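Novice: Numbering (the working numbering), first residue to last: 1404 to 2211.
Ideal placement from N, C-alpha and C gives every residue a C-beta, glycine not left out.
A quick note: this is a predicted structure, and the numbers were derived from the prediction, not measured.
I have a structure I would like to understand better, so I am pasting it below and will then ask my questions one at a time.
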């Protein structure tokens, strides 16, 4: 429409509305017009989103675990903070009579219960009913246990199910396994391997995977105290204690009353005192590690770390999108100029370019979700969990929607604003400057490689530490050593079992121990020796063992002897480690009298310190005492190369002792390896993410070098005509990217050192960080850059220059 205003003529276009179908056509045409860049962008986004969402599903599952209490914000687990001779240690083990005392003396505590072993492996107990003998995971707990834990009861009165000392509550699976149906099971009696008859007073549904502490049945706590009388001593720790506060209770006030609660039962001195703390039970799965006696992380560190890594991987993919979109701005400059002259507003252009970004991102998310559905079974096997795809979880889809918006804003908004800012007059004159965003692209590329190098360093150091923990000398020989739990009729026929096992060819020696030797955790202060001060209190780790323990474990005997069946006095003897000798201050301990839990005896042996827990913890004072146990674990040392024959003979013997029961055994080497499950998960996932970071960064570099080559094609042709060598052209195209990697390396080195040094600080025994790890990470990043950029640059440098020049 023509308008006249004084002497000037101008053209006014009618106001245009946005036509969505028209914009969609332009979007699709633009995507297909640059297929290579679209594929690179989509591939990076799909990889980033796929693994980002997989980690989100893992984190979601981790954070749901142990939210199975009646009131998540009122149920706590008690932990001990022990100060011993200048050192603080922390643990969940508490005296076995703590729960009742807390409920009685602290009014704000509504319920309290001792439990075994909520933070450890449940006991396996053999139950007999009719003609069935079956083994089930078992907890022992006080009557208040079910008032705090949200066990879904099918039959029985949940509030009073554990009121009687003869009570046992069983799971749906155990009820069907023992009696065929729930109705047939309720009210019936089962006979335990220790000779006790228990009446089934409650049946609950099988607990979901979101419960870390699961068992097939729960027995009244009085039974545990009968079978483990040491738990009645205030100086001993082992079981767990849970409390539930009243609705109007102030947790801080309760914590103050709790802190010094043990002082009146155990006493306290400057050298030794035992404080108590409380932690929300729902937090104890993720935060169960102690540093200097206080809670200081655990699996929550993995959750935080993987959250950051997932964000970084998605960020790298978004960086690729931004870099490629802005790098291609010159190719779309004339389009923007013409459309602006035709009347298109900047807001409309921004919406158009954002639509292109959103379409690509939505398509990437859709492809990522399909891939996740296919990968989830393998991912579950990889992380050792049962994560299901949350089809019906609105929160999950809300996260997807928010993520899509966030990615679109992060990856699409800046390119849209930048491209739409071109001035039509300058564009049509060919004088538009698209180099002003080069610094941003360089910064983003550097940021990508900082992340990649940090991840590579982390992967190498985690792998080194894991290898160190698995290969370090433990003070005993963990190879060819197996553990057979003493279960079922073994407790009654143990002498027969050991005599017959000794006749199996290939068995070198045999002994017993109260706990698995890779995780001895019971502690006590009930030890006295010559020269001990009246107010001196020292904590010792302790365990019952059988004859020939030192020989079977392959321990190093410094002085004295092992427990031997031909020495009757050894039943009142004690073997200590070097740390215990130092704690006692005894220069010549052999023959010195010692009193343990009121039982007098003497020290008969000193063994070199060995690791009876993970390398997170320093070796503690240890006392071993003999017991003719009918519970615990049988340790068997096998001759090298005889494993299969020995296991076959043991299985046959086991079936004689425990007919109808499965032969259960474990290699101590495997038990030790399980101590570092978190480290294994971290090592595997960090390796994958390091590869992803490098791969996605490489995709971005490929896109940028393709754009650079396209933009400088004629320049390269002219240089070749003028005599430039291939090597000089390669350096021309590669030098900027090499500089980017070098800058990233200089920044990533101190960052990665700080992160990994802090991570290693949680271990009492750890590797030293070597300088070559950082150099290797930088060289890997540089090699990937040279391969990605160099190959494309070489292809361009070798092309016929005439083809590039004549296209003008």
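#1: Quick one: what does DSSP say residue 1842 is sitting in, helix, strand or coil?
#2: Considering only DSSP beta bridges, list what residue 1543 is partnered with.
#3: Note the first and the last residue of the continuous alpha helix (DSSP H) segment covering residue 1805.
#4: Rounded to whole angstroms, what's the CA-CA distance from residue 2034 to residue 1584? Just pull it up for me.
#5: Of all the beta strand (DSSP E) runs that stay within the bounds of the segment 1582-1666, which reach a length of 3 or more residues?
#6: Count the CB pairs spanning the segment 2069-2076 and the segment 1919-1928 that are closer than 8 Å, and state whether there are at least three.
#7: Buried or exposed for residue 1805, going by 16 or more other Cβ atoms inside 10 Å?
#8: Helix, strand or coil, according to DSSP, for residue 1834 in the structure here?
#9: Taking the alpha carbon of residue 1651 as the point to measure from, which residue in 2052, 1512, 1801 has its own alpha carbon closest?
#10: Note down the Cα distance separating residue 1899 from residue 2082, rounded to an integer number of angstroms.
#11: Quick one: what's got a C-beta closer than 7 Å to residue 2043's C-beta in the same chain, skipping five residues either side?
#12: What whole-angstrom Cβ distance do residue 1514 and residue 1547 have, given they're in contact under 8 Å?
#13: Among 1798, 1609, 1776, 1875, whose alpha-carbon lies nearest the alpha-carbon of residue 1790?
#14: Nearest by alpha-carbon distance to residue 1722: which of 2121, 1562, 1847, 1697 is it?
#15: Answer yes or no: do residue 2025 and residue 1951 have a C-beta to C-beta separation smaller than 8 Å?
#16: Taking 8 Å as the limit between beta carbons, can you name the residues of its chain near residue 1993, skipping five residues before and five after?
#17: According to DSSP, which residues form a beta bridge with residue 1899?
#18: Among the residues of its own chain, which have a CB less than 6 Å from the CB of residue 2184, if the five just before and after it don't count?
#19: Among 1708, 1618, 2016, 2107, whose alpha-carbon lies nearest the alpha-carbon of residue 1873?
#20: Going by C-alpha to C-alpha distance, which of 1661, 2089, 1960 sits closest to residue 1507?
#21: What three-state label does DSSP hand residue 1490 in the structure shown?
#22: My assumption, with CB atoms under 8 Å, is that residue 1624 sits in contact with residue 1504. Please give the rounded CB distance.
#23: Using a 10 Å radius around the Cβ and a threshold of 16 neighbouring Cβ atoms, would you call residue 2027 buried or exposed?
#24: Go ahead and label residue 1834 buried or exposed: buried means 16 or more other beta carbons lie within 10 angstroms of its beta carbon, across all protein chains shown.
#25: Taking the C-alpha atoms as reference points, what is the distance between residue 1879 and residue 1959?
#26: Quick check: residue 1929 and residue 1638, are their CB atoms within less than 8 Å of each other?
#27: Going by C-alpha distance, which of 1580, 1988, 1894 is nearest residue 1936?
#28: Are residue 2159 and residue 1864 closer than 8 Å when you measure CB to CB?
#29: In three-state DSSP terms, what is residue 1412?
#30: I'd like the span of the alpha helix (DSSP H) that includes residue 1506, first residue to last.
#31: Residue range of the beta strand (DSSP E) that residue 1675 falls in?
#32: How would you write the range of the beta strand (DSSP E) that residue 1530 sits in, first residue to last?
#33: Quick one: Cα of residue 2176 to Cα of residue 2108, how far?
Specialist: On the basis of the supplied data:
#1: DSSP, reduced to helix, strand and coil, places residue 1842 within a helical segment of the structure shown.
#2: According to DSSP, residue 1543 bridges with 1519, 1622.
#3: Looking at the DSSP string, the run of the alpha helix (DSSP H) that includes residue 1805 is 1797-1811.
#4: Residue 1584 has its alpha-carbon roughly 31 Å from the corresponding atom of residue 2034.
#5: If we require 3 residues or more, the beta strand (DSSP E) runs fully inside the segment 1582-1666 come out as 1592-1595, 1600-1607, 1620-1623, 1643-1648.
#6: The segment 1919-1928 and the segment 2069-2076 touch, with three or more beta-carbon pairs separated by less than 8 Å.
#7: Under this definition residue 1805 is an exposed residue.
#8: Residue placement at residue 1834 is poorly supported in this model, since its pLDDT is 49, which falls under 50; the coordinates still yield a value, given next. Three-state DSSP puts residue 1834 in coil, outside helix and strand.
#9: Nearest C-alpha to residue 1651: 1512.
#10: Between residue 1899 and residue 2082, the C-alpha separation is close to 41 Å.
#11: Excluding sequence positions up to five before and after residue 2043, its CB lies within less than 7 Å of the CB of 1883, all in the same chain and listed in chain order.
#12: Correct: roughly 4 Å between the Cβ atoms.
#13: Nearest of 1798, 1609, 1776, 1875 to residue 1790, Cα basis: 1776.
#14: For the options 2121, 1562, 1847, 1697, the alpha carbon positioned closest to that of residue 1722 is the one of 1847.
#15: Against a cut-off of 8 Å, the Cβ pair of residue 1951 and residue 2025 comes out as no contact.
#16: Closer than 8 Å at Cβ, skipping near neighbours: 1962, 1963, 2006, 2007, 2008, 2009.
#17: Bridge partners of residue 1899: none, in fact.
#18: These residues qualify, in order along the chain: 1852, 1855, 1856, 2144.
#19: Nearest of 1708, 1618, 2016, 2107 to residue 1873, Cα basis: 2016.
#20: Measuring from the Cα of residue 1507, the nearest candidate turns out to be 1661.
#21: In the three-state reduction of the DSSP assignment, residue 1490 falls in the strand class.
#22: At roughly 13 Å, the Cβ-Cβ gap does not stay under 8 Å, so residue 1624 and residue 1504 are not in contact.
#23: By the neighbour-count rule (16 or more Cβ atoms within 10 Å), residue 2027 is buried.
#24: Bear in mind that the predicted position of residue 1834 carries a pLDDT of just 49, short of 50, making it unreliable; the figure below should be weighed with that in mind. Burial call: exposed.
#25: Distance from the CA atom of residue 1879 to the CA atom of residue 1959, rounded to whole angstroms, is 7 Å.
#26: Residue 1638 is positioned such that its CB atom lies closer than 8 Å to that of residue 1929.
#27: The residue with the shortest Cα to Cα distance from residue 1936 is 1988.
#28: Contact flag set, yes.
#29: Only weak support is given to the placement of residue 1412: the predicted model assigns it a pLDDT of 37, under 50, and the question is left unresolved by the model.
#30: Here the alpha helix (DSSP H) through residue 1506 covers 1501-1508.
#31: Start and end: 1675-1683.
#32: For residue 1530, the enclosing beta strand (DSSP E) begins and ends at 1526-1532.
#33: If I take the Cα positions, the gap works out to 29 Å.
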